[in-house]
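Undergrad: Counting from 1, position 52 in the sequence shown corresponds to residue 51 in numbering that gives the first Met the number 0; the numbering is continuous, with no gaps.
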Amino acid sequence: MKIKHSFILIALIGICFQSCKQDASNAPVSTPVVDNTPLKIPGVNGDSIFQFVEKQLSFGTRVPGTPTHKACKDWMVQKFESYGAKVMEQDFDATIYTGEVMASTNIIAQFNPKQKKRVMLSAHWDSRMIAEKDKDKDRQDDPIPGADDGGSGVAVLLEIGRIIAENPIDMGVDIILFDAEDQGEPGAGKPEMWCLGSQYWSRNIVPKSYDPKYGILLDMVGSKTPRFGKDAVSAQFAGTVQDKVWSLAQAMGYGDIFINDNTGPLTDDHYFVNTIARIPMIDIINQPPRDQTETGFGPHWHTHDDDIDIISARTLRIVGQIVTAVIYKESKNKF
Ligand SMILES: [Zn+2]
Numbered sequence: 000m001k002i003k004h005s006f007i008l009i010a011l012i013g014i015c016f017q018s019c020k021q022d023a024s025n026a027p028v029s030t031p032v033v034d035n036t037p038l039k040i041p042g043v044n045g046d047s048i049f050q051f052v053e054k055q056l057s058f059g060t061r062v063p064g065t066p067t068h069k070a071c072k073d074w075m076v077q078k079f080e081s082y083g084a085k086v087m088e089q090d091f092d093a094t095i096y097t098g099e100v101m102a103s104t105n106i107i108a109q110f111n112p113k114q115k116k117r118v119m120l121s122a123h124w125d126s127r128m129i130a131e132k133d134k135d136k137d138r139q140d141d142p143i144p145g146a147d148d149g150g151s152g153v154a155v156l157l158e159i160g161r162i163i164a165e166n167p168i169d170m171g172v173d174i175i176l177f178d179a180e181d182q183g184e185p186g187a188g189k190p191e192m193w194c195l196g197s198q199y200w201s202r203n204i205v206p207k208s209y210d211p212k213y214g215i216l217l218d219m220v221g222s223k224t225p226r227f228g229k230d231a232v233s234a235q236f237a238g239t240v241q242d243k244v245w246s247l248a249q250a251m252g253y254g255d256i257f258i259n260d261n262t263g264p265l266t267d268d269h270y271f272v273n274t275i276a277r278i279p280m281i282d283i284i285n286q287p288p289r290d291q292t293e294t295g296f297g298p299h300w301h302t303h304d305d306d307i308d309i310i311s312a313r314t315l316r317i318v319g320q321i322v323t324a325v326i327y328k329e330s331k332n333k334f
């Protein structure tokens, strides 16, 4: 009988609920308001991102410890501050494979620093001091412009800072730019000689007690013919995030660029963030099919061709739009 009574009670509540619903204008509101408004994802501007690449190049190369490196840093810090971020500079000495010590700085730009729920977005902002893959042997010792390798990811994240300033987001977002990523030894050098900024940050995390849900690393996201496969390190440590980002990209119509091909394990900043800081982080990085590349990366990689001519505003916009969709969806628990 208990069951029957309950059933009647539920039926009565149901009828009441129905009538209350029909008479909502007079009824006091007692139930929590569910936010059913459609999620508006701000549009990113490819030309704006392209200009952020140009601007970085305008300072010259960003080899740690050089005056042009510092000038670019000062501009980026000022830019993030103008977007309302709380910016911290984490200085450290990077000892590279030659023994040279480079004065380096990780840049941490926090949006909504008091919010508990956070997502981390990263790129490396230094450019490589040599061009060991350049066809011109006489210029292999010269630093590269690094339009794609470094510049593209930073530019996308500057644009996301601009977007957040114009479209408040109900979540914490941390844009963390690593320095001294790209000064490793050519050839079969040790992985630990790369990504010195992310290694330092992962062992000395700023801000303290930092606990983001996950991180997204952007590296070489600006070329005209991009191909973003799923690298094995991201899959191992942040496979769920990787699958969700790729599914979203495919749902947005970019399945020809964000492909489900499993690429090999990659030594990039995300490797050290995953293994030392223990923050699940994926890498979005351009890798041509294996039979079309000797190096594993685009033909401009670590050459003087890595300049503004190989950069596509369309590719930058696509990557920026996908990451923007991730964070605004995440802020409403819809990612
Ligand atoms: Zn590089």
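Positions of the beta carbon are idealized from the N, C-alpha and C atoms, including for glycine.
Keep in mind the model is a prediction, meaning the values are calculated, not measured.
Check this for me: beta carbons of Pro-279 and Phe-236, under 9 Å apart or not?
TA: Yes.
Undergrad: Report yes or no: do three or more beta-carbon pairs, one from the region 79-95 and one from the region 153-172, lie closer than 8 Å?
TA: Because the criterion of three Cβ pairs below 8 Å is met, the region 79-95 and the region 153-172 touch.
Undergrad: Secondary structure at Lys-333, three-state DSSP: helix, strand or coil?
TA: If DSSP states are grouped into helix, strand and coil, Lys-333 belongs with coil.
Undergrad: Would a C-beta distance cut-off of 9 Å place Leu-217 and Leu-156 closer than the cut-off?
TA: Contact flag set, yes.
Undergrad: Are the Cβ atoms of Ala-312 and Gly-45 separated by less than 9 Å?
TA: Contact: yes.
Undergrad: Taking only heavy atoms of ligand 1 into account, decide whether any of them is closer than 8 Å to the Cβ of His-301.
TA: It does: the Cβ of His-301 is within 8 Å (strictly closer) of some heavy atom of ligand 1.
Undergrad: Could you name the residues of the same chain whose beta carbon sits closer than 7 Å to that of Gln-286, not counting the 5 residues immediately before and after it, in chain order?
TA: If we look at Gln-286 and ignore the five residues flanking it on each side, its Cβ neighbours are Arg-226, Gly-228, Thr-262, Gly-295, Phe-296.
Undergrad: Straight-line CA distance for Val-76 to Asp-178?
TA: Cα to Cα, the separation comes out at about 14 Å.
Undergrad: Can you check the region 144-222 for any alpha helix (DSSP H) of at least 4 residues that lies completely inside it and give the ranges in chain order?
TA: For the region 144-222, whole alpha helix (DSSP H) runs of length 4 or above, ordered along the chain, are 152-165, 195-202.
Undergrad: Reducing DSSP to helix, strand and coil, say where Ile-321 ends up.
TA: Here Ile-321 sits in helix by DSSP.
Undergrad: Can you give me the C-alpha to C-alpha distance between Asn-166 and Gly-183, rounded to a whole angstrom?
TA: Roughly 38 Å separates the two Cα atoms.
Undergrad: Hey, could you find the ends of the alpha helix (DSSP H) His-269 is sitting in?
TA: 268-271 is the extent of the alpha helix (DSSP H) around His-269.
Undergrad: Alpha carbons only, please: which of Tyr-327, Val-62, Ile-40 is nearest the one belonging to Met-101?
TA: The shortest C-alpha separation from Met-101 is found at Val-62.
Undergrad: If we ignore side chains and look at the alpha-carbon of each, how far apart do Lys-132 and Lys-243 end up?
TA: Cα to Cα, Lys-132 sits roughly 35 Å from Lys-243.
Undergrad: Any heavy atom of ligand 1 closer than 8 Å to the CB of Glu-184?
TA: No - ligand 1 has no heavy atom lying nearer than 8 Å to the Cβ of Glu-184.
Undergrad: Heavy atom of ligand 1 less than 8 Å from the Cβ of Glu-191, yes or no?
TA: It does not: the Cβ of Glu-191 is nowhere closer than 8 Å to a heavy atom of ligand 1.
Undergrad: Would Leu-120 pass as a contact of Ile-321 if the rule is Cβ separation under 9 Å?
TA: Against a cut-off of 9 Å, the Cβ pair of Ile-321 and Leu-120 comes out as no contact.
Undergrad: Under a three-way DSSP split, which group does Met-75 fall into?
TA: Helix.
Undergrad: Quick one, are the C-beta atoms of Asp-169 and Val-118 less than 9 Å apart?
TA: No; because the gap between Cβ atoms is not below 9 Å, this pair is not in contact.
Undergrad: Should Asp-133 be counted as a contact of ligand 1 given a C-beta to heavy atom distance under 8 Å?
TA: It does not: the Cβ of Asp-133 is nowhere closer than 8 Å to a heavy atom of ligand 1.
Undergrad: Express the C-alpha separation of Phe-91 and Thr-266 in angstroms, rounding to a whole number.
TA: Each residue's Cα considered, the two are about 21 Å apart.
Undergrad: So, at 6 Å on beta carbons, what are the nonlocal neighbours of Pro-348 in its own chain, with the 5 sequence-adjacent residues on each side left out?
TA: Given that the chain is displayed from residue 0 to residue 334, the structure contains no residue 348 and the question cannot be resolved.
Undergrad: Taking a contact to mean a Cβ-Cβ separation below 9 Å, would you say Trp-124 touches Ile-106 in this structure?
TA: Against a cut-off of 9 Å, the Cβ pair of Ile-106 and Trp-124 comes out as a contact.
Undergrad: Compute the Euclidean distance between the alpha carbons of Asp-148 and Thr-60, then round it to the nearest angstrom.
TA: Rounded to whole angstroms, Asp-148 to Thr-60 spans 11 Å at the Cα level.
Undergrad: CA-CA distance, Lys-331 and Arg-277?
TA: Their Cα atoms are separated by approximately 25 Å.
Undergrad: Which word fits Leu-315, buried or exposed, when buried means at least 16 other C-beta atoms lie within 10 angstroms of its C-beta?
TA: Buried, because 16 or more other Cβ atoms sit within 10 Å of the Cβ of Leu-315.
Undergrad: How should Asn-273 be labelled, buried or exposed, when 16 other C-beta atoms within 10 angstroms of its C-beta is the threshold for buried?
TA: Its Cβ being crowded by 16 or more others within 10 Å, Asn-273 is buried.
Undergrad: May I ask you to check if the CB of Arg-161 is nearer than 8 Å to at least one heavy atom of ligand 1?
TA: False, no ligand heavy atom lies under 8 Å from that Cβ.
Undergrad: Write down every uninterrupted run of the beta strand (DSSP E) in the region 240-324 whose length is 3 residues or greater and which is fully enclosed by it, in chain order.
TA: Counting whole runs of 3 or more residues, the region 240-324 contains the beta strand (DSSP E) stretches 257-262, 280-284.
Undergrad: Tell me the DSSP secondary structure of Glu-99 in three-state form.
TA: Three-state result, Glu-99: coil.
Undergrad: Any residues whose CB sits closer than 5 Å to a heavy atom of ligand 1? List them in chain order?
TA: This selection yields Asp-148, Asp-181.
Undergrad: Looking at Ala-122 and Gly-152, is the spacing between their C-beta atoms short of 9 Å?
TA: Yes; because the gap between Cβ atoms is below 9 Å, this pair is in contact.
Undergrad: Along the chain, where does the alpha helix (DSSP H) that runs through Asp-137 open and close?
TA: Element bounds for Asp-137: n/a, residue is neither H nor E.
Undergrad: For Cys-194, which residues of its own chain have a beta-carbon under 6 Å away from its beta-carbon, when the five flanking residues on both sides are left out?
TA: The answer, listed in chain order, is Glu-180, Asp-268, Phe-271.
Undergrad: Sort out for me which residues DSSP pairs Ala-93 with in a bridge.
TA: DSSP lists Met-101 as partners of Ala-93.
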